[in-house]
Ligand SMILES: [Zn+2]
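Rendered as structure tokens:
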């Protein structure tokens, strides 16, 4: 497998020529007076960048880039702020992120009672009989266990008390379980006698009564309840799809995410993405892995979908069905990935480099899981195997970062912070020897993700010729004291040379409110 460094060397030679021939023309957009961390090893730091159309035209000092300013150029004064390549989320669930915006957000709850209050308010506002949905609860994030509880999770009676007539379905943060109320259990026909489906569990209390917790495949029983509720028309489905795509995109752009690896979607969903891409309505660049399809469907359809590789806005590639690639002579060029490469035996670490397998990781999990990993795995095993970022990088592996959103917030800054500090919310540094440098952390969120999607010639660094996907932050996460990193905000997200998100600060609001000069 060709290494990242070889690709970069080739790129840089090409871009010198590119820049020189374009020098006569003016830029559409210029960012001046910044502190640029380019993730381009040939020119790692700069002050300014010029953009023409959707591409980066030049990167350099203020003096060099001034020459690109013409009468129609939009000039943004960065006032010393950090500018970096647009973040690429290396692993998330795009439609689920959008859907999570349509349901109760349970991720911030500190106790089960907080969630009961959210459901109570939703039930008060809902039409009787309609479904109330939420997602993102996690019993490990509550300050204390609810009473009574089974396995740390409450009984459905606590929800029945606030929502007797509306079925309630609350999905766990992991997606591996759901908690439902009595009305939902009745609609689904789940009772004491209902057997566990294969690969799932209907959790029951000591008297044999379902508690409301449905694990793994037992969640499919909720489908029986949904089937009895009014269905959306085809038009309503279509409108809903467009809405969730937009909601996910708005959230991503506001957090500086310009590209997103979706892990993954069905062919039908991909068709929906492609339609929006044709209409120019896809808010961020998507790279989609195929999921929820049988092997026979994949065999029949995969060729047709791989043809979409040339489409920058929406490239689909399959990375999980290795069976299809097994007989392929070029298999080593396929950049196989292991998603959630979280717990790895040290003996296996060097195999990532040897096999050319990319470790797709989520730095933010270090922060959220750190407090309880040792409880589950034991101290010694947690230290030896958990999120071995440093070991993988030292072994020469390509490591990518992402959030697994909506399991976690799509915010790259916290995931970056997790990879460079490994500091939990309680301030404990979880296996400190596995921290990475900030340069490595930024690279994992930009160029390495571009590489994992075969796009390192198109994006991932501020390099002339690449797509002008640029993020400006309120604080310099590359140089600020460690504890300041989480409070950094995205001030500006530029995608393909267009400002797609601008944070309203008191300064921008005042400027907009000021009367125009006569
Ligand atoms: Zn995932």
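Numbering (the numbering used here), first residue to last: 178 to 695. Backbone N, C-alpha and C define an ideal beta-carbon position, used for all residues, glycine too.
- Chain order is used for the residues whose beta-carbon lies nearer than 6 Å to a heavy atom of ligand 1, namely 268, 270, 440, 581.
- With at least 16 other beta carbons inside 10 angstroms of its own, residue 274 counts as buried.
- Residue 464 carries a strand assignment under DSSP once its states are collapsed to helix, strand and coil.
- Judged by their CB atoms, residue 434 and residue 382 are not nearer to each other than the 9 Å cut-off.
- In this structure, residue 653 lies away from residue 209, with their beta-carbon atoms at least 9 Å apart.
- In this chain, the alpha helix (DSSP H) harbouring residue 420 covers 411-431.
- Shown here for residue 268: same chain residues with a beta carbon closer than 7 Å to its own, the five before and five after excluded, namely 438, 440, 516, 537, 539, 579, 581 in chain order.
- The C-beta separation of residue 224 from residue 211 comes to about 6 Å, placing the pair in contact by the 8 Å criterion.
- Annotation for residue 318: no alpha helix (DSSP H) segment contains it, and DSSP assigns it neither H nor E.
- By the C-beta density criterion, residue 605 is exposed, having fewer than 16 other C-beta atoms within 10 angstroms.
- The DSSP-derived three-state label of residue 622 is helix.
- Every unbroken stretch of the beta strand (DSSP E) spanning 3 or more residues and falling wholly within the stretch 606-663 is given here in chain order: 647-650.
- Around the CB of residue 408, fewer than 16 other CB atoms lie within 10 Å, so the residue is classed as exposed.
- The Cβ atoms of residue 296 and residue 351 do not sit closer than 9 Å to each other.
- Listed as beta-bridge partners of residue 260 by DSSP are 213, 649.
- When the beta-carbon positions are compared, residue 467 and residue 271 stay at least 9 Å from each other.
- Taken through DSSP and simplified to helix, strand or coil, residue 348 comes out as strand.
- In the structure shown, residue 278 falls within a coil segment according to DSSP collapsed to helix, strand and coil.
- The Cβ neighbour count for residue 406, taken over all protein chains shown within 10 Å, is under 16; the residue is labelled exposed.
- Cβ-Cβ distances below 6 Å link residue 618 to 593, 596, 597 in the same chain, with the five nearest sequence neighbours on each side left out; the list follows chain order.
- Taking a C-beta distance under 9 Å as the contact criterion, residue 601 and residue 658 do not qualify as a contact pair.
- For residue 538, the pairing in a beta bridge is given by DSSP as 578.
- CA-CA distance, residue 387 to residue 368, rounds to 6 Å.
- The Cβ-Cβ distance between residue 265 and residue 572 does not fall below 9 Å.
- CA-to-CA, the gap between residue 661 and residue 374 works out to about 48 Å.
- In this structure, the CA atom of residue 643 is about 7 Å from the CA atom of residue 634.
- Contact between residue 563 and residue 550 is confirmed by a C-beta separation of about 5 Å, below the 8 Å threshold.
- Residue pairing by DSSP puts residue 520 in a beta bridge opposite 563.
- Straight-line measurement puts the Cα of residue 461 at about 16 Å from the Cα of residue 232.
- If you draw a 10 Å sphere on the C-beta of residue 611, you find 16 or more other C-beta atoms in it, and that means buried.
- Scanning its chain for C-beta atoms nearer than 7 Å, with the 5 sequence neighbours on each side dropped, one finds around residue 432 the residues 587, 588, 589, 667, in chain order.
- Rounded to whole angstroms, the gap between the alpha carbons of residue 393 and residue 300 is 26 Å.
- Of the residues 248, 325, 238, 565, the one whose Cα lies closest to the Cα of residue 599 is 565.
- Just so you know, the alpha carbons of residue 246 and residue 527 end up roughly 49 Å apart.
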